[in-house]
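Chemist: Each number in my numbering comes from the position in the sequence shown (counting from 1) with 1058 added on. Ideal placement from N, C-alpha and C gives every residue a C-beta, glycine not left out. Mind having a look at this structure? Questions to follow.
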Amino acid sequence: MTIFEALRESHDKQRRLLSLLVETSGDSEGRDELYRRLRAELIHHAGAEERSLYVPMMEYDLTQEKARHSVAEHHEIDEALEALDTTDYSSPGWLAAARRLQDLVIHHLDEEEQEVFQLAGRVFDDATKTQLASTYQEDMLEREAP
């Protein structure tokens, strides 16, 4: 498995959780559980992805700018999560904030898959792509451990 395949698995999970989350309503147990799962997935994924993909990308002139841009988008997603954290589930603004988060995340994932992965694929050899996947998966397991 390459780093790109490993990241796509998490991306698919994020898309599913976001899709389900924006269909919830009010201060419900379902909304709370989906948000907690999504929030943890986004935070764990961002940290592991930065360590296993973006830090190595920053070593190359060709990929440095794209890596920095992607890290900046992680910060935007963190800010959107903070906005949701401080908004009551029953507030009418909560769903609007969740949709904003969905837009930010989907934009980020699409850009990664359509631009970042192709660029990174040009600087990493096959062995490195496989090693980076292992690094990512190990990091995710550590972050997900209770």
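1) Mind listing, in chain order, the continuous alpha helix (DSSP H) runs of no fewer than 4 residues lying wholly within the stretch 1070-1148?
2) Going by alpha carbons, who is nearest to V1163 out of A1130, R1109, D1143?
3) Using the Cα positions of Y1194 and R1074, report the straight-line distance between them to the nearest angstrom.
4) Below 7 Å between beta carbons: does that hold for L1100 and L1078?
5) For T1082, count neighbouring C-beta atoms within 10 Å of its own C-beta (all shown protein chains included) and say buried if the count is 16 or more, exposed if not.
6) According to the neighbour-count rule (16 or more other Cβ atoms, all chains shown, within 10 Å of its Cβ), is M1115 buried or exposed?
7) For A1125, tell me which candidate among H1133, D1136, I1135, L1111 has the shortest Cα-Cα distance.
8) Label R1180 either buried or exposed according to how many other C-beta atoms from any shown protein chain fall within 10 Å of its C-beta, with 16 as the threshold for buried.
9) Starting from E1169 and walking both ways along the alpha helix (DSSP H), at which residues does that stretch end?
10) Which value, in whole angstroms, describes the spacing of the CA atoms of E1107 and L1076?
11) Tell me, to the nearest whole angstrom, how far the beta carbon of G1151 is from that of T1145; I am working on the premise that it is less than 8 Å.
12) Name the residue from E1063, S1148, E1134, S1149 whose alpha carbon lies nearest to the alpha carbon of A1104.
13) Does the beta-carbon of R1089 have 16 or more other beta-carbons within 10 angstroms, so that it is buried, or is it exposed?
14) Helix or strand or just coil, what does DSSP make of A1203?
Modeler: This is what the structure holds:
1) 1087-1107, 1119-1143
2) Here residue 1163 is taken as the residue at index 105 of the sequence shown, counted from 1. Among A1130, R1109, D1143, the Cα nearest to that of V1163 is on A1130.
3) Residue numbering aside, residue 1194 sits at position 136 when the sequence shown is read from its first letter. Residue numbering aside, residue 1074 sits at position 16 when the sequence shown is read from its first letter. Going from the Cα of Y1194 to the Cα of R1074 covers about 21 Å.
4) The residue you call residue 1100 lines up with position 42 of the sequence shown. The residue you call residue 1078 lines up with position 20 of the sequence shown. Result no, Cβ atoms of L1100 and L1078 do not sit closer than 7 Å.
5) Position 24 of the sequence shown, counted from the start, is the residue given in the question as residue 1082. Buried is the call here.
6) Numbered from 1 along the sequence shown, position 57 holds the residue referred to as residue 1115. Label assigned to M1115: buried.
7) For this step, residue 1125 is matched to residue 67 along the sequence shown. For the residues H1133, D1136, I1135, L1111, the minimum Cα distance to A1125 belongs to L1111.
8) Taking the first residue of the sequence shown as position 1, residue 1180 is located at position 122. Exposed, because fewer than 16 other Cβ atoms sit within 10 Å of the Cβ of R1180.
9) The residue given as residue 1169 occupies position 111 in the sequence shown. 1150-1169 is the extent of the alpha helix (DSSP H) around E1169.
10) As a first step, residue 1107 must be located in the sequence shown, where it is residue number 49. As a first step, residue 1076 must be located in the sequence shown, where it is residue number 18. Each residue's Cα considered, the two are about 19 Å apart.
11) The residue given as residue 1151 occupies position 93 in the sequence shown. The residue given as residue 1145 occupies position 87 in the sequence shown. About 6 Å separates the two Cβ atoms, so the contact holds.
12) What you label residue 1104 is simply residue 46 of the sequence shown in a count that begins at 1. Of E1063, S1148, E1134, S1149, the residue nearest in Cα terms is E1134.
13) For the purposes of this step, residue 1089 is taken as the residue at position 31 of the sequence shown. Classification of R1089: buried, given that the 10 Å Cβ count is 16 or more.
14) The residue labelled residue 1203 in the question sits at position 145 within the sequence shown. Coil, per DSSP.
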